[in-house]
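Undergrad:
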Amino acid sequence: MPWFKNLIKISSTILNQSSSYKSMTPLVSPSLTQFLQFTKDYSTNNNGITNHHVAGLEPTKNDQKPRVVVLGSGWAGCRLMKDIDTNIYDVVCVSPRNHMVFTPLLASTCVGTLEFRSVAEPIGRIQPAISREPSSFFFLANCSAIDFDNHTWCLGQFGTLNFTRYLLSPIPPAQVQCQTVTEGVETVEPWNFNISYDKLVIASGAEALSFGIKGVSEHATFLREVYHAQEIRRKLLLNLMLSDVPGVSEEEKRRLLHCVVVGGGPTGVEFSGELSDFIRKDVHQRYSHVKDYIRANEILSSFDDRLRTYATKQLTKSGVRLVRGLVQDVQPEKIILSDGTEVPYGLLVWSTGVGPSPFVNSLDIPKAKGRIGIDEWLRVPSVQDVYSIGDCSGFLESTGRQVLPALAQVAERQGKYLASLLNKVGKEGGGHANSAQNMNFGDPFVYKHLGSMATIGRYKALVDLRESKVSSFF
Ligand SMILES: Cc1cc2nc3c(=O)[nH]c(=O)nc-3n(C[C@H](O)[C@H](O)[C@H](O)COP(=O)(O)OP(=O)(O)OC[C@H]3O[C@@H](n4cnc5c(N)ncnc54)[C@H](O)[C@@H]3O)c2cc1C
Numbered sequence: 001m002p003w004f005k006n007l008i009k010i011s012s013t014i015l016n017q018s019s020s021y022k023s024m025t026p027l028v029s030p031s032l033t034q035f036l037q038f039t040k041d042y043s044t045n046n047n048g049i050t051n052h053h054v055a056g057l058e059p060t061k062n063d064q065k066p067r068v069v070v071l072g073s074g075w076a077g078c079r080l081m082k083d084i085d086t087n088i089y090d091v092v093c094v095s096p097r098n099h100m101v102f103t104p105l106l107a108s109t110c111v112g113t114l115e116f117r118s119v120a121e122p123i124g125r126i127q128p129a130i131s132r133e134p135s136s137f138f139f140l141a142n143c144s145a146i147d148f149d150n151h152t153w154c155l156g157q158f159g160t161l162n163f164t165r166y167l168l169s170p171i172p173p174a175q176v177q178c179q180t181v182t183e184g185v186e187t188v189e190p191w192n193f194n195i196s197y198d199k200l201v202i203a204s205g206a207e208a209l210s211f212g213i214k215g216v217s218e219h220a221t222f223l224r225e226v227y228h229a230q231e232i233r234r235k236l237l238l239n240l241m242l243s244d245v246p247g248v249s250e251e252e253k254r255r256l257l258h259c260v261v262v263g264g265g266p267t268g269v270e271f272s273g274e275l276s277d278f279i280r281k282d283v284h285q286r287y288s289h290v291k292d293y294i295r296a297n298e299i300l301s302s303f304d305d306r307l308r309t310y311a312t313k314q315l316t317k318s319g320v321r322l323v324r325g326l327v328q329d330v331q332p333e334k335i336i337l338s339d340g341t342e343v344p345y346g347l348l349v350w351s352t353g354v355g356p357s358p359f360v361n362s363l364d365i366p367k368a369k370g371r372i373g374i375d376e377w378l379r380v381p382s383v384q385d386v387y388s389i390g391d392c393s394g395f396l397e398s399t400g401r402q403v404l405p406a407l408a409q410v411a412e413r414q415g416k417y418l419a420s421l422l423n424k425v426g427k428e429g430g431g432h433a434n435s436a437q438n439m440n441f442g443d444p445f446v447y448k449h450l451g452s453m454a455t456i457g458r459y460k461a462l463v464d465l466r467e468s469k470v471s472s473f474f
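UniProt numbering puts the sequence shown at residues 1 to 474.
1. Inspect the beta-carbon positions of Ser204 and Leu71 and report whether they are closer than 8 Å.
2. Under 7 Å: does the beta carbon of Phe116 sit that close to some heavy atom of ligand 1?
3. What does the alpha-carbon distance come out to for the pair Gly451 and Pro266?
4. If the criterion is Cβ atoms closer than 8 Å, does the pair Trp350 and Ala208 meet it?
5. With 16 as the cutoff for other CB atoms within 10 Å, does Gly340 come out buried or exposed?
6. If you follow the alpha helix (DSSP H) that Tyr387 is part of, which residue opens it and which one closes it?
7. Assuming Ala408 and Pro104 are in contact, meaning their beta carbons sit under 8 Å apart, how far apart are those beta carbons, in whole angstroms?
8. Between Leu140 and Pro190, how many whole angstroms is the CB-CB distance? I'm expecting something under 8 Å.
9. Report the residue from Pro59, Asn440 and Lys416 whose alpha carbon sits nearest the alpha carbon of Ser425.
10. By the DSSP assignment, the beta strand (DSSP E) with Gly457 in it spans what residues?
11. Quick check: does the Cβ of Ala406 come within less than 7 Å of any heavy atom belonging to ligand 1?
12. Could you work out which residue in Asp83, Ser73 and Gly268 is closest to residue 490 when comparing CA atoms only?
13. Using 8 Å for Cβ pairs, my map puts Ala229 next to Thr113. What's the rounded Cβ distance?
14. Given Thr221, which residues of its chain have a CB within under 8 Å of its CB, disregarding the five upstream and five downstream residues?
15. When you compare the CB positions of Ser272 and Val226, do they come within less than 8 Å of one another, or not?
16. For the putative contact between Phe136 and Val92, defined by C-beta atoms under 8 Å, what is the C-beta separation to the nearest angstrom?
17. Pick helix, strand or coil for Ile336, following the three-state DSSP scheme.
18. I'd like to know whether the C-beta atoms of Val101 and Ala120 end up nearer to each other than 8 Å.
19. I'd like the span of the alpha helix (DSSP H) that includes Val360, first residue to last.
20. Please state the DSSP three-state secondary structure of Ser144.
21. Which two residues bound the contiguous alpha helix (DSSP H) that contains Phe395?
22. Between the stretch 358-370 and the stretch 241-258, do at least 3 Cβ pairs fall closer than 8 Å?
23. Is the beta carbon of Leu200 sitting closer than 8 Å to the one on Leu418?
24. Reducing DSSP to helix, strand and coil, say where Ala406 ends up.
25. Taking Gln175 and Ser144 to be in contact with their CB atoms under 8 Å, please state how far apart those CB atoms are, rounded to whole angstroms.
26. Hey, Gly415 and Ile389 are a contact pair by Cβ (cut 8 Å); roughly how many whole angstroms apart?
27. Where does Val283 land, buried or exposed, given buried means 16+ other C-beta within 10 angstroms?
28. Just to check, is the beta-carbon of Thr267 closer than 7 Å to a non-hydrogen atom of ligand 1?
29. By how many angstroms is the C-alpha of Gln285 removed from the C-alpha of Val262?
30. In this structure, how does DSSP classify Trp350 when only helix, strand and coil are distinguished?
31. Quick one: using the 10 Å Cβ neighbour count with 16 as the cut-off for buried, is Pro405 buried or exposed?
32. What are the start and end residues of the beta strand (DSSP E) that includes Lys460?
33. At a threshold of 7 Å, does Arg97 count as lining ligand 1 (C-beta to nearest heavy atom)?
34. Are the beta-carbon atoms of Val403 and Lys369 separated by less than 8 Å?
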């Protein structure tokens with residue numbers, strides 16, 4: 001998937017903001033500062049990929065602001081960046097996406113209920129220091145590895161031995177290793193660069209599961225990013241148009257207008273609800289020639305039994321057919337179920353939950369159910385100055401706490417808590433690498449689940465408040 005699909009335009013508000021900044025600081029524009037700082041030297045690693053060693057991203061000195069490096073621009077990372085005190089820290093965010101996605105509303109953009117720009121927020125607007133401050137940055141890249149051991153190698157802090165090592169070594173030791181995202185652009189080669197951190201926050205989320213089923217990534221569309229929603233909208237409209245042209249057989253018309261949603265979690269349910277509203281209203285009005293051909297299929301699983309029965313009834317009323325089955329194979333125009341049934345489709349949306357990403361799997365640190373193991377203060381206990389929040393992390397068994405669900409409300413509250421924790425640590429003089437070891441971190445993170453909600457179309461929704469022993473729907 002070309003990487004530029006993951007970019008959104010920076011709005012005019014941001015441009016205006018930065019021009020007012022320029023007028024306040026006429027001597028050095030941010031881009032010039034960046035250019036002057038980013039003098040590079042090069043070396044080639046074992047894979048033949050050029051490493052760029054970038055000045056301005058090496059270990060901070062004691063008279064400089066400590067640097068917080070945030071991996072990921074999702075719910076958790078962005079919430080943290082929003083509240084981090086940039087008078088104390090410089091912030092560097094590394095992510096293959098230059099914006100945050102408001103995921104609960106993503107399904108609504110697939111059918112035009114909401115516009116795409118309503119659910120995406122540029123990083124620079126969430127944390128303006130990233131566009132303005134000379135030592136705060138956003139890098140469009142993936143973190144490929146982390147050298148946890150060498151991050152304490154902080155210039156000036158540990159005496160002459162490290163200082164001499166710094167002077168003698170042509171290459172600063174790797175801390176966070178990143179690779180630019182250039183997939184789909186033939187003229188640009190990917191390159192590696194390293195960033196030293198004082199505090200590292202791993203908030204790289206989880207990945208859509210496909211259970212190794214053949215053909216899923218080639219033929220199905222996930223629903224996690226804005227470009228996925230754009231792809232779904234494009235296919236849906238294209239299929240409606242194609243089915244209306246003269247000469248299309250009845251069978252092909254049915255296939256083109258058959259939308260199949262695999263996965264019965266909240267995302268699948270919400271998308272089916274949106275789809276059924278779209279079919280009932282827009283298709284009936286604007287594509288009345290083909291209105292009797294369009295169908296949607298869905299499979300439900302999570303939610304409490306009563307809610308599931310209710311959702312089943314409501315979705316069926318709205319024209320969504322629910323099918324139980326296991327997908328065995330995905331082909332360009334049909335899926336094959338484990339009992340051999342063939343289901344032709346024009347649009348296939350895959351939403352069967354999330355699991356750890358290959359990046360998280362590659363990290364050599366203790367895990368909790370495949371997620372990065374954390375303690376009550378969201379620290380990764382086996383290494384210094386590393387924290388993890390959101391879908392990629394889970395409480396270690398030793399804390400006696402349950403691994404929390406992969407939800408925005410968990411990520412959001414963890415990001416908020418960690419920002420205030422890091423601000424406190426920074427104010428008390430523990431911002432630089434290896435300087436907060438004996439500090440009192442204060443109250444641990446406590447999560448209270450407020451319930452879950454999924455809209456199912458026709459202005460109806462499921463609300464599951466099981467933790468407070470009440471479930472209701474409206
Ligand atoms: C369609 C949809 C609807 C949802 N609805 C709800 C809802 O209604 N309520 C709710 O509570 N939850 C909902 N969720 C779940 C919620 O979105 C997630 O729990 C939440 O986004 C997790 O936040 P996160 O920051 O951990 O991960 P994400 O938001 O997934 O962000 C991860 C970030 O890390 C980046 N990244 C990945 N790999 C790397 C790497 N190697 N290096 C650097 N960066 C990397 C990604 O590009 C991304 O920017 C929904 C999810 C989806 C997909």
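We put the CB at the ideal spot given by N, CA and C, even for glycine.
TA: Walking through what the data contain:
1. Yes, the Cβ-Cβ distance between Ser204 and Leu71 is below 8 Å.
2. In terms of side-chain proximity, the C-beta atom of Phe116 is found no nearer than 7 Å to any non-hydrogen atom of ligand 1.
3. Taking the straight line from one Cα to the other gives about 12 Å.
4. Result yes, Cβ atoms of Trp350 and Ala208 sit closer than 8 Å.
5. Looking at its Cβ environment, which holds fewer than 16 other Cβ atoms inside 10 Å, Gly340 is exposed.
6. Counted as a single uninterrupted DSSP element, the stretch harbouring Tyr387 is not any alpha helix (DSSP H) but the beta strand (DSSP E) occupying residues Val386 to Ser388.
7. With a Cβ gap of about 7 Å, Ala408 and Pro104 count as contacting.
8. In this structure, Leu140 and Pro190 do not form a Cβ contact; the two beta carbons are roughly 11 Å apart against a cut-off of 8 Å.
9. Reading off the sequence shown, one finds Val at residue 425, where the question assumed Ser. Per the Cα distances, Asn440.
10. DSSP places Gly457 inside the beta strand (DSSP E), whose first and last residues are Ser452 to Gly457.
11. Within the cutoff, so yes.
12. The structure shown does not extend to residue 490, since the chain spans only 1 to 474, so no value can be given for it.
13. Incorrect: roughly 11 Å between the Cβ atoms, too far for contact.
14. Around Thr221: His228, Glu231, Ile232, Lys235, Leu347, Leu348, Val349 and Trp350.
15. Remark: C-beta atoms of Ser272 and Val226 do not approach each other more closely than 8 Å.
16. Per the sequence presented here, residue 136 reads as Ser, with Phe not at that position. Contact between Ser136 and Val92 holds, since their C-beta atoms are separated by about 7 Å, short of 8 Å.
17. It is a strand residue.
18. A contact, by the Cβ cut-off of 8 Å.
19. Per DSSP, Val360 is one residue of the alpha helix (DSSP H) stretching across Pro358 to Ser362.
20. For Ser144, the three-state secondary structure derived from DSSP is strand.
21. Looking at the DSSP string, Phe395 is not in any alpha helix (DSSP H); the run it does join, the beta strand (DSSP E), is Ser393 to Phe395.
22. The answer is no - the stretch 241-258 does not touch the stretch 358-370, with fewer than three Cβ pairs under 8 Å.
23. Going by C-beta atoms, Leu200 is not nearer than 8 Å to Leu418.
24. It is coil, neither helix nor strand.
25. A Cβ-Cβ distance of about 12 Å is found for the pair Gln175 and Ser144, leaving them out of contact under the 8 Å criterion.
26. Indeed they touch by this definition, with Cβ atoms about 6 Å apart.
27. With 16 or more neighbouring CB atoms inside 10 Å of its own CB, Val283 falls in the buried class.
28. Placement of the Cβ of Thr267 at a distance of less than 7 Å from at least one heavy atom of ligand 1 is found.
29. Across the structure, Val262 and Gln285 are spaced so that their CA atoms are roughly 27 Å apart.
30. In the structure shown, Trp350 sits in a strand (DSSP, three-state: E or B).
31. For Pro405, the number of other beta carbons within 10 angstroms of its own is below 16, and it is reported as exposed.
32. That run of the beta strand (DSSP E) goes Lys460 to Leu465.
33. True, at least one ligand heavy atom lies under 7 Å from that Cβ.
34. Contact: yes.
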